[in-house]
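To start, the structure itself, in structure tokens.
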Amino acid sequence: MSEVVKVGKKGQITLPKEIREKEGLKKGQLLEVKEVGGGSIFLTSIDRKKEADAALRLLGKNVKMTDKEVVEYCRKIREEVFQEWSES
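In full-length UniProt numbering, the protein residues as written are 1 to 88.
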């Protein structure tokens, strides 16, 4: 499937609904973006473990936290994820 999308002011794109549904993409899900050259990019869905790793890397870049604070934050997120999974 091929679709044309427009790049917005902040570099954002909207993936077509049909593609999001077919690939099972949900709001807030992380995608890996790779530049492959010649004006082409490649988007890949990230599995749960890689998603958590990527989120922590992003967090580490933006927030100064001690190791203890990172562990506490991870425990909090894990509890929220388990709660979300048990409700679905």
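Don't be surprised by glycine CBs; every beta carbon is placed ideally from N, CA and C.
- By alpha-carbon distance to L30, the top candidate from E80, L58 and K9 is L58.
- Unbroken beta strand (DSSP E) runs of no fewer than 3 residues, entirely contained in the region 4 to 74, are found at 31 to 37 and 40 to 45, following chain order.
- Secondary structure of S2 (DSSP, three-state): coil.
- Excluding five sequence positions before and after E18, none of the CB atoms of its chain fall closer than 6 Å to its own CB.
- Taking 7 Å as the cut-off, the beta carbon of T44 is found closer than this to the beta carbon of E32.
- Counting only the Cα atoms, D47 lies some 24 Å from E3.
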